[in-house]
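>
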Amino acid sequence: MSRILQDRDERRPETHPLTFRLNDDGTPVMLDAYREQQGYASVERAFSDLTSKTLIDELKTANLRGRGGGGFSAGLKWSLTMQGEGIPRGYIVCNADEMEPGTFKDRLLLEQQPHLLIEGMILAGFANNAYQGYIFMRGEYVDAARTVQRALEEARAAGWLGRDVAGSGWDFDIALHTGAGRYICGEETALINSLEGKRASPRAKPPFPGQSGAWGKPTVVNNVETLCNVPSVVLHGADWYQGLSQGKSGDGGTKLYGVSGKVKRPGLWELPMGTTGNELLERAGGMRDGHTLKTWLPGGGSTGFLLPEHLELALDFDTIGKAGSRLGTGLIAVVADDQNVVSLARNLEEFFSRESCGWCTPCRDGLPWSVKLLQALEAGEGERGDIDLLESLAVDLGPGRTFCAHAPGAAMPLASAIHYFRDEFERGVTRGQGAAHADPIPVGSV
Amino acid sequence: MTHTSTSAPIATDGFVLHDEDRAAIAHEREHYPHPQAASIEALKIVQKRHGWVPDAAIEAIARELGVPPASIEGVATFYSLIFRQPVGRHVILLCDSSSCFLTDYEALRDAFFAHLGIGFGQTTPDDRFTLLPVCCLGACDRGPALMIGDDTYGPVTPEEIPTLLEGYA
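Just so you know, the sequences run in chain order A and B.
Quick note: the first sequence uses our numbering, first residue 11, plus one each step.
Quick note: the second sequence uses our numbering, first residue 100, plus one each step.
1) For the segment 104-136 of chain A, which residues have a CB atom closer than 8 Å to at least one CB atom of chain B, in sequence order?
2) Give the C-beta separation of A/Ala-417 and A/Cys-370 to the nearest angstrom, bearing in mind that I take them to be a contact with Cβ-Cβ under 8 Å.
3) Once the 5 residues before and after A/Ser-380 are set aside, which same chain residues still bring their CB inside 7 Å of it?
4) Residues of the segment 315-345 of chain A with a CB closer than 9 Å to any CB of chain B: list them in chain order, please.
5) Going along the segment 144-155 of chain B in order, which residues come within less than 7 Å of chain A, judged by CB to CB distance?
6) Spatial neighbours of A/Leu-171 within its chain, please: C-beta separation below 8 Å, excluding the five flanking residues on both sides.
7) What is the DSSP secondary structure of B/His-130, counted as helix, strand or coil?
8) Which residue comes first and which comes last in the beta strand (DSSP E) that contains A/Cys-104?
9) Using only alpha-carbon positions, find the residue among B/Gly-216, B/Gly-242, B/Phe-177, B/Asp-240 that is nearest to A/Glu-365.
10) When we look at the beta-carbon of A/His-429 and count the other beta-carbons within 10 Å, is it buried (16 or more) or exposed?
11) Using three-state DSSP, classify A/Ser-211 as helix, strand or coil.
12) Using a Cβ-Cβ distance cut-off of 8 Å, determine whether A/Arg-173 contacts chain B.
13) Output yes or no for whether 8 Å exceeds the beta carbon distance between A/Pro-217 and A/Cys-367.
14) Relative to the alpha-carbon of A/Ala-84, which residue among A/Glu-235, A/Ser-178, A/Glu-54 has its alpha-carbon at the smallest distance?
15) Which residue comes first and which comes last in the alpha helix (DSSP H) that contains A/Ala-346?
16) Does B/His-130 get closer than 8 Å to chain D when you measure Cβ to Cβ?
17) For chain A, is any of its Cβ atoms less than 8 Å away from the one on B/His-133?
18) Opposite B/Leu-230 in the DSSP bridges: which residues?
19) Could you please tell me which residues of the segment 356-383 of chain A, in chain order, have their CB closer than 9 Å to any CB of chain B?
20) To be precise: take each residue of the segment 251-268 of chain A, compare its Cβ to all Cβ atoms of chain B, and keep it if any distance is under 9 Å. Which residues remain?
21) Would A/Arg-55 pass as an interface residue toward chain B - the criterion being a Cβ-Cβ separation below 8 Å?
22) Quick check: the segment 119-127 of chain A against the segment 81-95 of chain A, are there 3 or more CB pairs under 8 Å?
23) Among A/Gln-385, A/Val-231, A/His-246, which residue has its Cα nearest to the Cα of A/Ala-200?
24) What span of residues does the alpha helix (DSSP H) with A/Glu-53 cover, start to end?
25) In whole angstroms, what separates the C-alpha of B/Asp-154 from that of B/Arg-183?
26) May I have the straight-line CA-CA distance separating A/Pro-475 from A/Gln-256, to the nearest angstrom?
27) Against chain A, does B/Val-255 count as a neighbour if the rule is that its beta carbon must be under 8 Å from one of theirs?
28) My output table needs one value for B/Leu-54: the three-state DSSP class, helix, strand or coil.
29) So, is the C-beta of B/Leu-207 closer than 8 Å to a C-beta in chain A?
30) Should the segment 257-277 of chain A be regarded as contacting the segment 332-343 of chain A, the criterion being three or more beta carbon pairs within less than 8 Å?
31) DSSP state of B/Val-250, grouped into three classes?
32) Find the nearest neighbour of B/Cys-199 within the set B/Pro-254, B/Ser-179, B/Gln-146, judged by alpha-carbon distance.
33) Note down, in chain order, each residue of its chain lying with its Cβ closer than 6 Å to the Cβ of A/Thr-113, except the 5 sequence neighbours on either side.
34) Under 8 Å, Cβ to Cβ, is there at least one residue of chain B near A/Leu-354?
35) Would you say A/Ala-190 reaches chain B, if we count a Cβ-Cβ gap shorter than 8 Å as a contact?
36) So, with DSSP's three-state summary, where would you put A/Val-405?
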């Protein structure tokens, strides 16, 4: 259902490793067509030329950073996975639980190019000495599940999965695991619990999954897009991969960027890592007529708001981080000038509040509290002190106070909304001494 | 989220897993080193047949997998797409996350409430539809988006609701 908005002419093998094979009509690229276009060539190269160590070194040099939003070096993550004499072989888990608000990129890869993911997982399995892979996919991606299941059967029949993968003497298979809702499943240790058939509460770390993950074995969890980048790194090398970002970023590769909100042409584009927000918004045709841009989220509901002036920045992990937000998933959501930031903040905090697993007190109790305060401000019934209280809650929800990144993710849009749009929040304060009585922006005007 | 329903009394006595479902659960078990891992899939298999998961099914699944009923119950109550009360023939999942919110989700939600005469967590008196909110559907380029059963739609305007629902008897 997601569509890439670049024509086939623009998507070249040498510049668009993630999408060059995609059909313009959105039908999936299955095994025969995939094989004709360099498909599984990286696995052949890995088996003939590489060892676990040299593959991981190549990935480190390529500086492929986690595309699920964390931005952690994939090569480093793999190098920290326990393997060797006496250590049991473990698991490769693909995080295909795409639920970050505003994010629709993994859906494209799962629905239209399942073999690229399988190829990436085989390389991950080879590098990390795993014997089994799991694709943890959200239950709502019904079409993607069917397509991936078909692709797994094709790959197994062709000898790319199962016993003695492609004559290498190494066994590796992949199973599809579909979820049953809950955003928290996307947190990697919660995902492991869910895979084990438990409630999806995150785990305390350490131990990290690389030491003790699924069923106590070394486990690597990577996002769909991250794994889909690995084949081209292995096939063409780290230098080639680095060059894909065309000097726009210190990070290597391309990124599946996207735009949603009130733009003329919402969608997805594969572009060099470090492409600016301006170029992305231009590709999306700009704002719809009658709307101008007020603010934007760079990569999901758990990233901080930025201003129109920040659109000139490179959309990469370090640059957006320095601007006080996070690249997250790199799919931007635009907010128009007639849309109420307090209402949007309330919507976001309702989401995080509902999706909290309830383990840590700041998250379990702080998020519903923030929703109450935001609802009051939105209704023009806020009390003096409410905004300060929200700011202090945002600190208490911040990094280091909870076991996982759910609460810090919720705090980021809240704190930045107040930072940039304090006047909109103040318009909702009508009670208490000296409270302002200005007309609030109409509720629900988004 | 609270689920209320106007459906018939809950009949859970003498619940027996269908043979096909037992086979499907056994097949899922093979994918994992521990049978508990098949719990969510087992719940989904049972739900697919019955529309929801009655209490007695929890015990039946627990026996089938050899894990404590409390583990199955804990899982069944955690995940939002496992229904512990009867639902309508078609479940409508309305995305309420930020990108749909920015493309007029609230107007669509209110139109659904008015058209169906129910709120979230409720089922129409004719047992045709249950309406639930859902996390970002990953269809943000087509917001506001929703699912009916296995089908995803977007963007959907309030005016399109009657026609959209016609296909779901």
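C-beta: ideal position from N, C-alpha, C; glycine also.
Checking against the coordinates, here is how it stands:
1) Within the segment 104-136 of chain A, contact with chain B at the beta-carbon level (separation under 8 Å) is assigned to Glu-108, Met-109, Glu-110, Pro-111, Gly-112, Thr-113, Phe-114, Asp-116, Arg-117.
2) 7 Å
3) Glu-359, Leu-400, Leu-403, Leu-424
4) Leu-341, Ala-343, Val-344, Val-345
5) none
6) Answer for A/Leu-171: Ile-128, Ile-132, Leu-162, Ala-165, Phe-182, Asp-183, Ile-184, listed in chain order.
7) coil
8) 101-106
9) Of B/Gly-216, B/Gly-242, B/Phe-177, B/Asp-240, the residue nearest in Cα terms is B/Phe-177.
10) Counting Cβ neighbours within 10 Å, A/His-429 comes out exposed, since fewer than 16 surround it.
11) coil
12) no
13) no
14) A/Glu-235
15) First-last for A/Ala-346: 341-346, but that is the beta strand (DSSP E), not the alpha helix (DSSP H).
16) In the displayed structure, chain D is absent; the protein chains listed are A and B.
17) Yes, contact with chain A.
18) B/Ile-191, B/Gln-221
19) Asn-357, Leu-358, Glu-360, Phe-361, Arg-364, Glu-365, Cys-367
20) Across the segment 251-268 of chain A, CB contacts with chain B closer than 9 Å involve Gly-268, in sequence order along the chain.
21) no
22) no
23) A/Val-231
24) Residue identity differs from the one stated: residue 53 of chain A is Val in this sequence, not Glu. Per DSSP, A/Val-53 belongs to the alpha helix (DSSP H) from 51-59.
25) 8 Å
26) Only positions 11 to 456 of chain A appear in this structure, which leaves residue 475 of chain A out of reach.
27) no
28) The structure shown has nothing for residue 54 of chain B, since chain B only spans 100 to 268.
29) no
30) Yes, since at least three Cβ pairs between the segment 257-277 of chain A and the segment 332-343 of chain A fall closer than 8 Å, the two stretches touch.
31) Reading off the sequence, residue 250 of chain B comes out as Asp, not Val. Correct three-state label for B/Asp-250: strand.
32) B/Pro-254
33) Gly-310, Thr-339, Leu-341
34) yes
35) Flagged as an interface residue toward chain B: A/Ala-190, by a C-beta distance shorter than 8 Å.
36) helix
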